[in-house]
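Chains as they are written, first to last, in this note's numbering: chain X, 1 to 267; chain C, 1001 to 1345; chain V, 2001 to 2358.
Laid out in structure tokens, this is it:
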């Protein structure tokens, strides 16, 4: 199976190294998750005071966290609404531009991906204050969209590269208007990507901290609320949030792999 | 524009161009310009003006007192005049205090204090070290995932890497906070073994040293190095490795002549992302230091905005960070001979 | 449906510095099956895309039914194009594909689906409307593409090598089918191909293109029997090419000195004595033995069995001469040295010029 070019000794060392690396990745997460079930008031695994689920209950009654969750969802939906059309338009324009002007535009459109998140947050904060809009959910949406739209655009661009242009030409030739070609041929072709891009945008927005913390002003999202809890007043409630994140991620990753595996078998 | 109109029709071409233009202007370029503008001007410190106003009002109050106890009309008139004059002066200063004039220049940059500059340089050096260490740690991992495993093992490993990658960075930092805390895992184990006396605060204060930030930062951003490398290495035709081996090349030579040259774009992207994320990280230092020293530059920026309320200084700091990151990207692109299009893949 | 004529009036197409089509005049009659034949890169696809409206000519005009098409996009012209890869919409059903042009024209859904079903019946695909293009065979997809193009009732149907993806047997079947459909609907067909067999089998008239120029426009028979240029002569069918020098010209008959000896033939160009010339003789026009105006003695070098016929390869003084004769028992014991002959009308004489193969 494996096309090993190494000797067995080297192969063993490499595998041991990777195993160690995985342990390094997962052990801290395990520690964090375990503390969610410790009845000790301070998040800890070394001071074990017995198994409990009371922190889960406490989380369910934590108003600020619940409100943060709602804000996070609102911001993420806003980001989807802004970045999917922007990314789509940018990708459609880029695929039809010549090499020279295309590269210029491309550089500008992907630059937010390579810019530190705090810079995006700061520049949005300053820009919107000029219009009398203080930091808050709206500015957070704008700041996050500036780079999430780039990710969406890259996804659309990759899909458009695999597009059969003759389909659009055939539709035009049959008398369709450009609008109809776009609606009946181009959009259906891009629809799966739009869905993927929306999921990616939602997750990126939901998880974002470095940009959001500058743009959010006096409001808060789930993630900024977690951050301020981590700085002032640690509580196992945060570990419960961590457990939920870990479980959701594992379920999503395993489902994805199973689906992908089945598709691979089907082909 | 003509080719766009040809491809999408005038209406849609205009619509797409307008949306793209709005994105560029409203979300990217103008905010960036606003930040740079903010970094380039300042208002004279309000403190001096306020002090001067306070002093004037003091004088006025004293003069008023003198005026009330004074019986001589001539002296009264002189005092009245003095009061009126000082009042006018104070009014003028008050206007200035409310809206001090903007002054443009580079003072926000040159005024950075020695300590702040030290932190700036230290942040960049740490970020470079994080990048380098991540590169060294990740290369074997990427190699194994992309080239030295069968399809099934590769999938399992990919999932093993994706799960921690997908979990929120704050939680990843938090996990390390729990490990390095005063009564965290390491101190706890050492105390249990009898090396430390935790009950009398005999713990090792990991969180008070910058290395805590460093350790957590590597943990948080190491995977941004792995995935770009895996992606490029996966496109390497394994037959090339076999052929090189067949021609008598040793393991080191194969890596140096075949695998690493092929991985170049991935290495460049990994380095750029890791450096950019760690140099600009606010989450890791904010959580790991918990206000006990070991500042990261991003924390200074945050305080300029949300504690000192000096947006001009804060913007100047942010611009400095942006300049360093941009320079780093350009250097990496030149060094590895890759273009922006390779990077964004 | 009624066919319209297509006229190209001094059409020139340049992309940057390269000229894809040199100034070209072409008149395609209403209702004819017209082929444009040429090797890849000769500009035939560019010409087709110009007629359909995807390319604006750099100079000149395209007229369809006498109407100038300048400034009209592909969706405003009375043409329909069948693409080389067919370009069926993969996400739509077969019926939706066929009805697409009607949908674009605002025909009500029930009406256009009924019409689609009729057209599918016309191309012998009745009942296939609910399937997806991916579920069909190559030949069926081909017919869907035709039905989809016919649905918009075009006056001119443009076909861009639509048979090239099919295997040989199906291709031959589809040739006959295309011809039959063209007869039935009576509109103008403009067919692009690099396959001379297709062009000769289906077309009323054929234009041969090379390097952005139209070399000859005529019927299939004339194209084969009386090619106008050395390129056409060598591109269509097999040809013996004999270079030589003009000895004399009189009354359209030229005498050429060739390595095989003097040959007389019909002059296809104005030739001056002493000038370089090319003599072309079809292999099947050469007979074994004497009896015709031109005779040549040559050594039998090889024989290639084609089935019903045999190609005999002769050599004389380093020159090759191929003779195609019907297969038969008399070919079993041929002498190694033979006399061959061909008529004066079978030898065509051209001024020196580019050939089709190298």
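In this text, a Cβ means the ideal position worked out from N, Cα and C, and glycines have one as well. Being a predicted model, the structure only gives us computed values, none of them experimental.
Along chain X, which residues have their Cβ under 7 Å away from the Cβ of residue 1168(C)? 207, 223 and 245, listed in chain order.
Spatially closest choice to residue 2356(V) from 2241(V), 2258(V), 2286(V) and 2336(V), by CA coordinates: 2241(V)
I want to verify the contact list: residues of chain C whose CB lies under 9 Å from the CB of residue 47(X), in sequence order. The answer, in chain order, is 1183 and 1188.
Which residues in the same chain have their Cβ closer than 6 Å to the Cβ of residue 2034(V), if we skip the five residues on either side of it in sequence? 2028, 2190 and 2205
Where residue 84(X) meets chain V, residues with beta-carbon distance less than 7 Å: Correct list: empty, because the minimum Cβ distance to chain V is about 20 Å.
Listed by chain order, chain V residues near residue 166(X) by CB distance under 7 Å: The contacting residues are 2083, 2085 and 2087.
Residues in the segment 2092–2111 of chain V with C-beta within 7 Å of chain X's C-beta atoms, listed in sequence order? Hits within the stretch, in order: 2100, 2101, 2104 and 2105.
Starting from residue 2146(V), trace the alpha helix (DSSP H) both ways and give me its first and last residue. 2138–2151
Residues in its own chain within less than 6 Å of residue 204(X) by CB, not counting five upstream and five downstream? 148
Excluding five sequence neighbours on each side, which residues of the same chain lie with their C-beta closer than 8 Å to the C-beta of residue 2209(V)? 2036, 2037, 2038, 2042, 2043, 2044, 2047 and 2215
Taking just the CA atoms, how far does residue 1142(C) sit from residue 1(X)? A caution first: residue 1(X) carries a pLDDT of 37, below 50, which makes its placement in the model unreliable, though a value can still be read off. Going from the Cα of residue 1(X) to the Cα of residue 1142(C) covers about 18 Å.
Residue 219(X): contacting residues in chain C (beta-carbon distance under 8 Å): The premise fails here: residue 219(X) is roughly 13 Å from chain C at the closest Cβ pair, so nothing lies under 8 Å.
Name the chain V residues that come within less than 7 Å of residue 175(X), Cβ to Cβ? 2075, 2101, 2104, 2105 and 2152
Identify whether residue 2311(V) lies in helix, strand or coil by the three-state DSSP scheme. strand
Do residue 2117(V) and residue 2106(V) come within 8 Å of each other at the CB atom, strictly closer than that value? no
In this structure, does DSSP put residue 2008(V) in helix, strand or coil? strand
In chain order, what residues of the segment 141–172 of chain X put their CB closer than 8 Å to some CB of chain V? 164, 166, 167, 169, 170, 171 and 172
Candidates 2061(V), 2270(V), 2153(V) and 2347(V): which alpha carbon is nearest residue 2284(V)'s? The shortest CA-to-CA distance from residue 2284(V) to any of 2061(V), 2270(V), 2153(V) and 2347(V) is the one to 2347(V).
Look up residue 1112(C) in the DSSP assignment and say whether it is helix, strand or coil. coil
When the cut-off is 8 Å and only beta carbons count, does residue 2180(V) lie next to chain X? The beta carbon of residue 2180(V) sits no closer than 8 Å to any beta carbon of chain X.
I need the DSSP call for residue 1044(C), collapsed to helix, strand or coil. coil
Select from 1174(C), 1232(C), 1204(C) and 1233(C) the residue whose C-alpha is nearest the C-alpha of residue 1217(C). 1174(C)
Three-state secondary structure assigned by DSSP to residue 2013(V): strand
Can you tell me where the alpha helix (DSSP H) with residue 208(X) in it begins and where it stops? DSSP places residue 208(X) in no alpha helix (DSSP H); its state is neither H nor E.
Grab me the residues of residue 1328(C)'s own chain with a C-beta within less than 6 Å of its C-beta, minus the 5 sequence neighbours each way, in chain order. 1275
Please list the terminal residues of the continuous alpha helix (DSSP H) segment that includes residue 2297(V). Careful: residue 2297(V) lies outside any alpha helix (DSSP H), inside the beta strand (DSSP E) at 2294–2305.
Within chain X, partners of residue 2080(V) - CB distance below 8 Å: 173 and 174
Residue 150(X) lies in the beta strand (DSSP E); which residues open and close that run? Looking at the DSSP string, residue 150(X) is not in any beta strand (DSSP E); the run it does join, the alpha helix (DSSP H), is 137–161.
Take every Cβ of the segment 1209–1227 of chain C, pair it with every Cβ of the segment 72–84 of chain X, and state whether three or more of those distances are shorter than 8 Å. no
Ordered along the chain, which non-local residues of its own chain (more than five positions away) have a Cβ less than 6 Å from that of residue 18(X)? Spatial neighbours of residue 18(X) in its own chain (CB-CB distance under 6 Å, excluding positions within 5 residues in sequence) are not present.
Where residue 179(X) meets chain C, residues with beta-carbon distance less than 8 Å: 1009, 1011 and 1012
Identity of the residues DSSP links to residue 2338(V) by a beta bridge: 2298(V)
Beta carbons nearer than 9 Å to chain X: which residues of the segment 1023–1043 of chain C have them? 1023, 1024, 1026, 1027, 1028, 1029, 1030, 1031, 1032, 1033, 1034, 1035, 1036, 1037 and 1038
In whole angstroms, give me the CA-to-CA distance for residue 2142(V) and residue 2059(V). 34 Å
When 2078(V), 2155(V) and 2008(V) are compared against residue 2030(V), the one with the closest alpha-carbon: 2155(V)
Just mark residue 1181(C) as buried or exposed, buried being the case when its beta carbon has 16 or more other beta carbons within 10 Å. buried
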